[in-house]
Amino acid sequence: MNKRVEQVLNDQIKKEASSSQFYLAMASWAENNGMNGTAKFMYSHSDEERFHMLKLVKFVNERGGKAEIPFIEQPPKEFRDLENVFELLLEHEIAVTQSINDLVDICLQEKDYTTHNFVQWYVSEQLEEEALARTVLDKLKLIGGDKGGMYMFDRDLENSTITVAAPN
Ligand code: OFO
-6 MNKRVEQVLN
4 DQIKKEASSS
14 QFYLAMASWA
24 ENNGMNGTAK
34 FMYSHSDEER
44 FHMLKLVKFV
54 NERGGKAEIP
64 FIEQPPKEFR
74 DLENVFELLL
84 EHEIAVTQSI
94 NDLVDICLQE
104 KDYTTHNFVQ
114 WYVSEQLEEE
124 ALARTVLDKL
134 KLIGGDKGGM
144 YMFDRDLENS
154 TITVAAPN
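Written out as C-alpha cells, the structure is:
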C-alpha cells in the first residue's frame, strides 16, 4: 500500500476512534443529567463511529498496510447544556469532513484509485452526519430555553424521531 495513503488512513482511524469516545462522553453526560433520549442517540452515534473506525482498520490490513490502533485523548467530562453538546458535535463533524476531503485529495495525488473509491462511502456519510447535526441544532435553537420543549425534544430522540443512520 502507498505509504502516504497508509499514513493518512491511520490518521483517519484515530479521528474516527476519537469521535466514538467523544460521543460516548456526551452519552454518559446526557444519561447522568436525565436526558435519556439524547443519551440513546449519542450511544448509538458512538457505536457508529466505532464502526467507521473498524471499516478503515480492515481496509488498511486487507490492502497490505498496517492499521495502527491509536491512543485516544480523554474527551470532556462536562458540557454546558444540550445546545453546547450539539454545537460541539457539528463542529467536530465539520472537522472530520475536512479530513475526509484531504484524504480524497491525497488519494488522487498518489493515483490510488482503489482507496479513492473506498473513501467515497465516507464522503456521503459526512454529508448525512453534518445535515443531521444541523437539523438537531436548528430544533434546539427554536426551543430556546423552554423546559417543556426540551422535554419533548429529548423524548423525540428517545423514540428515534431523529436517528443516526444505521451502518451499512
Ligand atoms: Fe465518522 O462520521 Fe462522524 O465523525
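Going by our numbering, the sequence shown runs without a break in its numbering and finishes at 161. Using N, Cα and C, we set each Cβ at its ideal position, and we do this for glycine too.
> According to the neighbour-count rule (16 or more other Cβ atoms, all chains shown, within 10 Å of its Cβ), is residue 124 buried or exposed?
Replying inline: Along the sequence shown, one-based indexing puts residue 124 at 131. Classification of residue 124: exposed, given that the 10 Å Cβ count is below 16.
>> Less than 6 Å between C-beta atoms, sequence neighbours within five positions excluded: which residues of the same chain meet that for residue 9?
In response: Counting from one through the sequence shown, the residue named residue 9 turns up at place 16. Close CB contacts of residue 9 within its chain, under the 6 Å cut and outside five residues either way in sequence, are with 42, 45 and 46 (chain order).
> Regarding residue 102 and the ligand OFO, is the C-beta to nearest heavy atom distance less than 7 Å?
Replying inline: Here residue 102 is taken as the residue at index 109 of the sequence shown, counted from 1. Residue 102: no, Cβ never under 7 Å from the ligand OFO.
>> Give me the residue from 119, 135, 1 and 136 with the minimum Cα distance to residue 52.
In response: To locate residue 52, count along the sequence shown from 1; it is residue 59. The shortest C-alpha separation from residue 52 is found at 1.
> Mapping DSSP to helix, strand and coil, what is residue 60?
Replying inline: As a position in the sequence shown, residue 60 is number 67, starting the count at 1. Residue state, collapsed to three classes: coil.
>> What I want to know is whether the C-beta of residue 9 ends up closer than 7 Å to one or more non-hydrogen atoms of the ligand OFO.
In response: Walking along the sequence shown from the start, residue 9 turns up at place 16. For residue 9, the shortest C-beta to heavy atom distance toward the ligand OFO is below 7 Å.
> Between residue 67 and the rest of its own chain, which residues show a CB-CB distance below 6 Å, the 5 nearest in sequence each way excluded?
Replying inline: Residue mapping note: residue 67 aligns to position 74 of the sequence shown, counting from 1. Hits under 6 Å: none found.
> DSSP state of residue 67, grouped into three classes?
Replying inline: The residue you call residue 67 lines up with position 74 of the sequence shown. It is coil, neither helix nor strand.
> Is residue 30 helix, strand or coil when you go by DSSP?
Replying inline: Translated into positions along the sequence shown, residue 30 becomes position 37. Residue state, collapsed to three classes: helix.
> Excluding the five sequence neighbours on either side, which residues of its own chain have a C-beta within less than 7 Å of the C-beta of residue 99, listed in chain order?
Replying inline: For the purposes of this step, residue 99 is taken as residue 106 along the sequence shown, with counting starting at 1. Counting only Cβ-Cβ distances below 7 Å, and skipping sequence neighbours, we find -3, -2 and 1.
> Cβ of residue 71 versus every heavy atom of the ligand OFO: is any distance shorter than 7 Å?
Replying inline: In the sequence shown, counting from the first residue as 1, residue 71 sits at position 78. No, the ligand OFO has no heavy atom inside 7 Å of this Cβ.
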